[in-house]
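Residue numbers (my numbering): 334 to 495.
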């Protein structure tokens with residue numbers, strides 16, 4: 334009888350400890366606050382604008398009516414420019430956030446990249462399940478593809494023409 338009592342108390346003590354540890358794990362898994370970039374942030378409004386090819390709070394838009402001179406008028410000369418003959422790549426760093434614009438030989442902007450400090454979990458929570466899952470998250474919209482890929486310690490958002 335004494336052995337049964339000791340076993341019973343031991344099991345209760347073990348359950349108590351396990352419960353305390355679970356509470357600590359739950360507290361640790363509480364949502365981390367979303368990063369607040371000074372130029373572009375993911376939120377409901379910016380996600381709607383992404384679906385139309387534009388980045389809220391920036392002069393950037395993947396559309397035929399936006400050209401590099403429009404962006405240069407708003408942000409000045411790019412910090413970097415790479416000439417790959419058919420493709421021109423322009424890079425800006427605005428308030429510690431990197432933006433890359435790709436322009437084709439017809440002077441049309443066909444993709445825009447922006448570096449984000451979000452976690453994988455935060456991106457999935459904000460964007461929902463991707464159209465195509467994997468290491469790269471693809472969200473196919475009517476005219477554009479919104480893509481997230483890990484790049485070093487940051488995530489890169491790429492919006493491009495479909």
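Even glycine gets a Cβ: it sits at the ideal position worked out from N, Cα and C.
Taken through DSSP and simplified to helix, strand or coil, residue 379 comes out as helix. Around the beta-carbon of residue 402, fewer than 16 other beta-carbon atoms lie within 10 Å, marking it exposed.
Partner residues in the beta bridge of residue 420, as assigned by DSSP, are 417.
Residue 438 sits in coil when the DSSP states are folded into three classes, being neither helix nor strand. Per DSSP, the continuous beta strand (DSSP E) segment holding residue 482 begins and ends at 477-484.
Non-local C-beta neighbours of residue 425 in its own chain, meaning closer than 6 Å and more than five positions away in sequence, comprise 408, 411, 412, 432, ordered along the chain.
Under the three-state reduction of DSSP output, residue 490 falls in the strand class. Across the set 373, 474, 491, the C-alpha of 491 shows the shortest separation from the C-alpha of residue 482. The secondary-structure analysis by DSSP pairs residue 394 across a beta bridge with 387. Residue 430 and residue 373 have their C-alpha atoms some 8 Å from each other. Spatial neighbours of residue 428 in its own chain (CB-CB distance under 8 Å, excluding positions within 5 residues in sequence) are listed in chain order as 370, 371, 372.
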